[in-house]
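See below for the structure under consideration.
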Amino acid sequence: MPRLRENERNQLIGMIRGGVSVAIVAHHFNVTRRTVYVTLQRERATGSQKDRPRRLGRRKTTDREDTFIRLSHLRDRFKTAGQTTAEINNIRQNNPIPNWTVLRRLKTFGLRARRPACRTRLTPYNIRNRLDWARIHSFWPHQVWNKHMFSDESKFLLERQDGRKRVFRRVNERFVPQCLSQARAFGGGSVMVWGGITAAGKTPLVTVRGNLTARRYIDEILRQHLVPAIHNQGLTFMEDNAPAHRARITNQFLYENNIPVLHPWPPYSPDLNPIEHLWDLLDRRVRMRQPQPQTLLQLERAMHEEWDNIPQQAVQRLIGSMRRRCQAVILSRGHHTRY
């Protein structure tokens, strides 16, 4: 039964005084008849429907302990509430506090247990390179970024447990077969693709079968898809620091074909490459297809179809975010960003 608020109790009294029966009033507020009678008796005894002052329980932690809880979890963000509770109880010895008391104190300080974001570990050298690169390129206007081609490879699993899928189930149905997400070993296989994006369009999506060596990278990707696009539009080529991209024969091929390259690219910086968000968009579009791909061949076909169907406005928005990405790296002092 819901607890009646003060305005609802006043409305109840008004309906009774207006001649409405107790049964109808109880049905209207979804309460029992006893609740209606108790409300009437309380109004006759006190003349008011305001809540009586409640006696607050004694606070179990002192101000000094509250400060210790806050500072200890700000210094070590992965520290559990149980560890903090044990430390406080070891000092107290008498009158121990339960675990949920620490959780309530953390909640009042705006600290809640959340799933951490996973990113690649950055060394001080990587952080310094990212920060220097962002400072140099943060003032480039959109017109300059529109003259760049951003490229990358990405691997897509046939089945991926990314935590986005949800199941509607009742209590104690967690391991019911209809509520289980049964995954194949190694995700059922994967498909690797290469793609490039510019403000004017996208390159064809290239399927990479097997290991991508520098020679295959030149023959199957650069020579067939990159060189014509770069020369026709006068673009600067961007690629990350993958071994096939930084091989000597790759750099020699780019030099001999007069392809300008955005060097040096800071290592471990996928948040600075806008095509990474396009891979996520492509993956979501493939996952929303009905029926979903069941084989690697179906997955490859679906990826090519969805790649061609991605609107160019989405690509332009991603490339237009380059200045914001650089500014985010500067604000984080070279560390990871929300991108």
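According to UniProt numbering, the sequence shown is numbered sequentially starting from 1.
Glycine residues also receive a C-beta, built at the ideal position from the N, C-alpha and C atoms.
Here the structure is a predicted model, which means the values were calculated and not measured.
- Residue 257 is a Cβ neighbour of residue 227, given a cutoff of 7 Å.
- Burial is judged here by how many other beta carbons sit within 10 angstroms of a residue's own beta carbon; residue 197 has at least 16 and is buried.
- The Cβ atoms of residue 193 and residue 299 lie no closer than 7 Å to each other.
- The way I'd put it, the region 91–109 doesn't touch the region 118–125; fewer than three beta-carbon pairs between them come closer than 8 Å.
- By the neighbour-count criterion, in which a residue is buried when 16 or more other Cβ atoms sit within 10 angstroms of its Cβ, residue 129 is buried.
- For residue 69, no pairing in a beta bridge is given by DSSP.
- Take the alpha-carbon of residue 295 and the one of residue 232: they are about 37 Å apart.
- By the neighbour-count criterion, in which a residue is buried when 16 or more other Cβ atoms sit within 10 angstroms of its Cβ, residue 48 is exposed.
- One alpha carbon belongs to residue 237, the other to residue 305, and they sit about 25 Å apart.
- Going by beta carbons, residue 214 and residue 242 fall outside the 7 Å limit.
- Residue pairing from DSSP leaves residue 13 without any beta-bridge partner.
- Nearest C-alpha to residue 262 among 271, 240, 180, 22: 240.
- Your pair residue 74 and residue 333 does not check out as a contact, with CB atoms roughly 18 Å apart and the cut at 8 Å.
- Note that the region 147–156 touches the region 271–285; at least 3 beta-carbon pairs, one per stretch, sit closer than 8 Å.
- Within the same chain, and ignoring the five residues on either side of residue 135 in sequence, the residues whose Cβ sits closer than 7 Å to its Cβ are 330.
- Going by beta carbons, residue 189 and residue 158 fall inside the 7 Å limit.
- In this chain, the alpha helix (DSSP H) harbouring residue 29 covers 22–29.
- Judged by their CB atoms, residue 69 and residue 104 are not nearer to each other than the 7 Å cut-off.
- Below 8 Å, too few C-beta pairs join the region 105–114 and the region 311–330 to call them touching: fewer than three.
- According to the DSSP assignment, residue 277 belongs to the alpha helix (DSSP H) that extends over 275–287.
- Residue environment for residue 245: buried (at least 16 other C-beta atoms within 10 angstroms of its C-beta).
- Bounds of the beta strand (DSSP E) holding residue 153 are 148–157.
- Taking C-beta atoms under 8 Å as the contact rule, residue 195 and residue 312 fail to qualify, at a distance of about 14 Å.
- The C-alpha of residue 67 is placed about 51 Å away from the C-alpha of residue 310.
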